[in-house]
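Numbering (this note's numbering), first residue to last: 30 to 333.
Glycine included, each C-beta is placed from N, C-alpha and C at the ideal position.
Keep in mind it's a predicted model, so treat the numbers as computed, not measured.
The structure appears right after this line, and notes come after that.
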């Protein structure tokens, strides 16, 4: 007869699963928008772990929606086509020729690869761009540089979101994968839109519980560059005060988080995409990593 007191080697696994139980209960049926970017888009192991995380969320009863850009891949493709990459006010100057390449890379390369990775786990992912079913509509964005409005080509400012196609896919048990290209409101063209901004706009329009933005840092730093202490939680108003001091690459991410929580999303998080399974760590454990932004009325308590 076996000794019932013998320590079972699988017990720690059971404890980890049980720790996830309150979060599973809380998040079940909720929509979560995940912006895929940074190193996680380039590193093969991180890409595979990301796909596993998204499929895990799906099977755990959440409704994940993935939004992606493709900066590194677009740069490489523009180089191959002999088109110079130029940035103004942190945004890619997008000529007509460059826009053709951007569209081809986002919808035909980055999205296809991500859909393929997700679909290794079953017939789950469906790719679309903001052009499909009027999902994202934009008008020409002219940033202000030194007091002057500047033309940076086919870069769009989102004017409307239609969630119909995404909602239909979610209702059918699918995982929508959205490329950050928008249809034009007024001139029949398409626009390149910032993927952080697109993810935030979709999260708000879908009434998502959570917006998660993968990035290549641990989160928002308390006093960068003098300190690498990460701010684990802050309110919308606290974030708004910090925005003018942030590094340019963090601005669209944190503006997106601010937009989301000001428009009905319960929490927005910037998390370190260089950590394998960072999405699962953030959603299903007590040790959330990264920076969480909450609405101003969320003064206390754990918003996970």
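task = Using the Cα positions of residue 38 and residue 249, report the straight-line distance between them to the nearest angstrom.
result = 38 Å
key: Candidates 40, 207, 127, of which the one nearest residue 108 by Cα   = Here the closest residue by C-alpha is 127.
message = Taking the alpha carbon of residue 302 as the reference point, which residue from 48, 82, 41, 148 has its own alpha carbon closest?
response = 82
ask   = The beta strand (DSSP E) spanning residue 92 covers which residue range?
value = 92–97
key: Minimum C-alpha distance to residue 95 - residue among 237, 263, 262, 117   = Closest option to residue 95, judged by alpha-carbon separation, among 237, 263, 262, 117: 237.
key: Inside the stretch 181–248 only - beta strand (DSSP E) runs reaching at least 3 residues   = 185–190, 204–208, 210–213, 219–221, 239–244
task = Please work out which residues of its chain come closer than 6 Å, Cβ to Cβ, to residue 310, disregarding the five sequence neighbours upstream and downstream, and give them in chain order.
result = Result list for residue 310: 318, in chain order.
task = Measure from the alpha carbon of residue 189 to the alpha carbon of each residue in 263, 260, 232, then state which is nearest.
result = 232
request  = Would you give the residue range spanned by the alpha helix (DSSP H) that residue 109 belongs to?
outcome  = 100–109
inquiry  = Using only the alpha-carbon positions, how far apart do residue 305 and residue 177 sit?
reply    = Each residue's alpha carbon lies about 43 Å from the other.
ask   = Quick one: what's got a C-beta closer than 7 Å to residue 85's C-beta in the same chain, skipping five residues either side?
value = 309
request  = Using 10 angstroms around the beta-carbon of residue 162, count the other beta-carbons present and answer buried if the total reaches 16, otherwise exposed.
outcome  = exposed
request  = Mind checking which residues open and close the alpha helix (DSSP H) that includes residue 285?
outcome  = 280–291
request  = Mind checking which residues open and close the beta strand (DSSP E) that includes residue 129?
outcome  = Not the beta strand (DSSP E): residue 129 falls in the alpha helix (DSSP H), residues 125–134.
ask   = Does the beta-carbon of residue 331 have 16 or more other beta-carbons within 10 angstroms, so that it is buried, or is it exposed?
value = Its pLDDT being 46, under 50, residue 331 is placed unreliably by the model, and nothing is read from it.
query = Mind checking whether residue 99 and residue 70 have CB atoms under 8 Å apart?
reply = yes
message = Distance cutoff 8 Å, beta carbons only. Does residue 172 sit that close to anything in chain C?
response = Among the protein chains of the structure shown there is no chain C, as only one such chain exists.
inquiry  = By the three-class DSSP mapping on this structure, what secondary structure does residue 333 have?
reply    = Note on residue 333: pLDDT 47, under 50, position unreliable in the model; the coordinate value appears next. Residue 333 falls in the coil class under three-state DSSP.
ask   = Run through DSSP, which three-state label would residue 301 get?
value = strand
request  = Using the Cα positions of residue 244 and residue 114, report the straight-line distance between them to the nearest angstrom.
outcome  = 21 Å
query = In or out: residue 307 buried (at least 16 other Cβ within 10 Å) or exposed?
reply = Buried, since its Cβ has 16 or more Cβ neighbours within 10 Å.
Nearest-angstrom Cβ-Cβ length linking residue 284 and residue 272, presumed shorter than 8 Å = 7 Å
ask   = Do residue 93 and residue 139 have their C-beta atoms within less than 8 Å of each other?
value = Contact flag unset, no.
request  = Could you tell me the distance, in whole angstroms, from the CA atom of residue 172 to the CA atom of residue 280?
outcome  = 14 Å
inquiry  = Please return the same chain residues whose Cβ sits closer than 6 Å to the Cβ of residue 79, not counting the five positions on each side in sequence.
reply    = 69
Residue span of the alpha helix (DSSP H) that contains residue 50, given as start and end = In the DSSP assignment, residue 50 falls within the alpha helix (DSSP H) that extends over 50–56.
message = Does residue 88 pass the burial test, meaning 16 or more other C-beta atoms within 10 Å, or should it be called exposed?
response = exposed
task = Grab me the residues of residue 329's own chain with a C-beta within less than 7 Å of its C-beta, minus the 5 sequence neighbours each way, in chain order.
result = Unreliable placement is indicated for residue 329, whose pLDDT of 47 sits below 50; no coordinate value is reported for it.
task = State the Cα-Cα distance for the pair residue 48 and residue 320, rounded to the nearest angstrom.
result = Approximately 21 Å between the Cα atoms of the pair.
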